[in-house]
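A short write-up of the structure that comes next.
Numbering (the working numbering), first residue to last: 17 to 334.
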């Protein structure tokens, strides 16, 4: 049994903490400070803090690990190893040097592919057939440490960033258990990353929600799934009541029809389906939401149009 300090913040880190808790002595959990959320700006604890308190583990929430006294407090916990899962702070070399077995990170890609902030989303957008999780030794350079273990999983045609996130969180929790097991008995040395195969997963921007109808249906389908749940995807659709002006239509769920042909950059109806025509294939819009309105299925969308005396097709703008 190892003395472990666990550092993590979001939902992705929770399964790993839960799996490690009965197997090792978790001497402390580090997580981000409570943050104000919602209109009332009420303080909310991170998912990792909530889990740690439920498990009876001491919680530490420094704004910065480099703040006065924080290094000494971490030293006093005498960890054999520090596990880092989406913590949200960069660890400096003096912290990396504290545990005798080093610091181990779970990263949600098959490194060296997709180092960086948004590996799940970028893998879907790129059309990767597989992704996975990697445990690695933490070093100062971002996601560049020696690879310890990896677990692979296919990206299905129905996967969103949300579904893949949850699956990788579970895989990561299994992998960190195996990793600590082998580090404890000294049978896991790690392997250098191949720098010629490195790709970077740029952080998502809110502006990426707008999709370009001049792209193919297959490319749009990948983007819509990759940006679900955040930031979501939207298109600009001609306002049927004011021709020449455009409204935001949020796309909630789609189905890909790669061989279907229809008018490009247009929403049209066929056999009760709402379809977005592209230069190659069509996207069926299963669930949508006009800005300021409630989310509806295709039938609800069409009924709303017909009830106001309007009908498809409608132009879609970039």
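Positions of the beta carbon are idealized from the N, C-alpha and C atoms, including for glycine.
A distance below 8 Å separates the beta carbons of residue 68 and residue 45. Per the C-alpha coordinates, the member of 321, 158, 194 positioned closest to residue 109 is 158.
Among the bridge pairs identified by DSSP, residue 229 is matched with none. Note on geometry: alpha-carbon atoms of residue 93 and residue 219 lie some 33 Å from one another. Close CB contacts of residue 139 within its chain, under the 7 Å cut and outside five residues either way in sequence, are with 125, 130, 147, 171 (chain order).
Counting of Cβ neighbours within 10 angstroms places residue 175 among the buried residues, the total reaching 16 or more. Here the segment 244-251 does not lie against the segment 313-330, with fewer than 3 beta-carbon pairs under 8 Å apart. Judged by DSSP secondary structure, residue 179 falls within the alpha helix (DSSP H) whose first and last residues are 177-201. For the set 221, 305, 103, the Cα lying nearest the Cα of residue 26 is the one of 103.
No Cβ-Cβ contact shorter than 8 Å links residue 297 with residue 249. Burial state of residue 121 is buried, judged by a 10 Å Cβ sphere holding 16 or more other Cβ atoms.
The segment 288-304 and the segment 222-237 touch, with three or more beta-carbon pairs separated by less than 8 Å. For residue 148, the enclosing beta strand (DSSP E) covers residues 146-153. Inside the segment 88-160, DSSP marks whole alpha helix (DSSP H) runs of 4 or more residues at positions 109-112, 135-141, from first to last along the chain. In the assembly as shown, residue 333 is an exposed residue. Its beta-carbon has fewer than 16 other beta-carbons within 10 Å. When the beta-carbon positions are compared, residue 81 and residue 111 come within less than 8 Å of each other. The alpha carbon of residue 74 has as its nearest neighbour, out of 59, 96, 42, 51, the alpha carbon of 42. Taking 8 Å as the upper bound for CB-CB distance, residue 254 and residue 330 are in contact here, some 5 Å apart. Bridge pairing for residue 83: absent [DSSP]. Residue 167 has 149 as its beta-bridge partners, per DSSP. Within its own chain, the residues whose Cβ lies closer than 8 Å to the Cβ of residue 50, once the five positions on either side in sequence are excluded, are 59, 60, 61, 62, 65, 77, listed in chain order. With contacts defined by Cβ atoms closer than 8 Å, residue 303 and residue 269 form a contacting pair.
Boundaries of the alpha helix (DSSP H) around residue 65: 63-71.
Contact check for residue 97 against residue 127 fails: the beta carbons are separated by 8 Å or more. Leaving aside the five residues that flank residue 305 on each side, the residues in its chain whose CB is nearer than 8 Å to its CB run, in chain order, 265, 266, 268, 311, 312. In this structure, the alpha-carbon of residue 22 lies about 56 Å from that of residue 327. C-alpha of residue 211 to C-alpha of residue 322: approximately 57 Å in a straight line. Just so you know, the alpha carbons of residue 214 and residue 89 end up roughly 36 Å apart. Excluding its 5 nearest sequence neighbours in each direction, residue 194 has C-beta neighbours in its own chain below 7 Å: 165, listed in chain order. Residue 325 has its alpha-carbon roughly 33 Å from the corresponding atom of residue 234. When the beta-carbon positions are compared, residue 217 and residue 133 come within less than 8 Å of each other. Your pair residue 209 and residue 163 checks out as a contact, with CB atoms roughly 6 Å apart and the cut at 8 Å.
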